[in-house]
Amino acid sequence: MVSQRFSLTLLFLLATLITIANGNDNRKLLTSYKYSPPPPPVYPPPVTPSPPPPPPPRPQAAAYYKRSPPPPPPSKYGRVYPPPPPGKSWLWFLKL
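Mature numbering (1 follows the signal peptide of the UniProt record, and there is no 0) puts the sequence shown at residues -23 to -1, 1 to 73.
So, in structure tokens, the structure goes:
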């Protein structure tokens, strides 16, 4: 049992050492390899968008329209609201 465990441990260590050695060889190859940089990408020139079309001309107001009267002057009490429309009395809950 012990010898089998020992042999598996040795096999694992041997595989680890081989893997590390191959990694170092690849690293040496990569650092010593000389290569030219890739050419810069060629982009087309930017497209300038056409200017937006001018807005359509506004029609002139006809002279025969009736002018509305000017609004009333502002109140000295601020904005005054009209009374609420007639509805339920506030005593509706007493009338069952």
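Glycine included, each C-beta is placed from N, C-alpha and C at the ideal position.
- In the three-state scheme derived from DSSP, where H, G and I count as helix and E and B as strand, GLN37 is classed as coil.
- Taking PRO22 as the centre and dropping the five residues before and after it, the same chain places no C-beta closer than 8 Å to its C-beta.
- Take SER(-21), set aside five residues on each side of it, and no residue of its chain has a beta-carbon closer than 7 Å to its own.
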